[in-house]
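Residue numbering for the sequence shown follows the numbering used here, starting at 49 and increasing by one per position. The C-beta atom is built at its ideal place from N, Cα and C for all residues, glycine as well. Beneath this line is the structure, given in structure tokens, with notes to follow.
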Amino acid sequence: MEGVSKTEADRPASESAPATEEQEFAPPPGPTPEEQYIAESIELYDFQAKYMDSVLDGRVPGVSFKMKNNGDRTLDRVEIVVLFKDATGSVIAEEDYSPIFVSEYNLSGDNKPLKPGYIWQLERGRFYAAKSVPSEWKEGAAEIKIVDIRFRDERR
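Shown next, in the form of structure tokens:
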């Protein structure tokens with residue numbers, strides 16, 4: 049019996065070479081419901097990033113902002129990231145904050161969700177400290193964005 053070698057052209061489609069990466073993976077789906085809600089329904093405003101006076105730590109980098117839920121869903125969690133930049137505009141540090149964090153284990157006292165139409169802000173005169181931001185930070189050079197949310201389980 050002779051050894052027969054099939055070329056790629058001779059093989060039936062079922063025996064053809066494995067699919068390429070492009071064929072195996074479909075393009076990613078559109079935004080998640082959470083990403084869409086962040087983009088369309090949550091407004092961040094009055095953002096300030098500057099050196100602020102802390103009773104315990106003296107003058108430290110800090111941030112303050114307001115957030116409004118313009119949508120129709122209640123939020124149990126909102127996670128924020130602030131990117132701090134140097135004089136060239138390069139990001140040199142980041143800080144994460146969770147201004148809305150509803151949990152049975154939350155002992156901070158403010159365990160409230162962000163309801164539709166409501167505005168969240170820290171108490172007057174308060175701010176989020178950013179103690180790990182290096183001295184190379186250019187005061188005021190910062191960017192804030194919402195990175196994640198969790199909707200309230202409306203079945204409760």
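The count of Cβ pairs closer than 8 Å, one atom from the segment 98–109 and one from the segment 122–130, stays below three, leaving the stretches out of contact.
Here the C-alpha atom of E191 lies approximately 17 Å from the C-alpha atom of M100. Looking from the CA of A97, the closest CA among P161, E82 and P109 belongs to P109. For S138, the secondary structure class from DSSP, reduced to helix, strand or coil, is coil. Under the three-pair Cβ rule at 8 Å, the segment 75–85 does not count as touching the segment 167–176. A190 carries a strand assignment under DSSP once its states are collapsed to helix, strand and coil. By the C-beta criterion, the segment 175–185 is judged not to be in contact with the segment 158–166, since fewer than 3 inter-stretch pairs fall below 8 Å. The Cβ-Cβ distance between E91 and N118 falls below 8 Å.
When DSSP states are grouped into helix, strand and coil, E88 belongs to the helix group.
Non-local C-beta neighbours of K116 in its own chain, meaning closer than 6 Å and more than five positions away in sequence, comprise E91 and I167, ordered along the chain. Distance between T136 and V111, taken at the CA atoms: about 20 Å. Separation of P147 and V126 (C-alpha to C-alpha, rounded to the nearest whole angstrom) is 6 Å.
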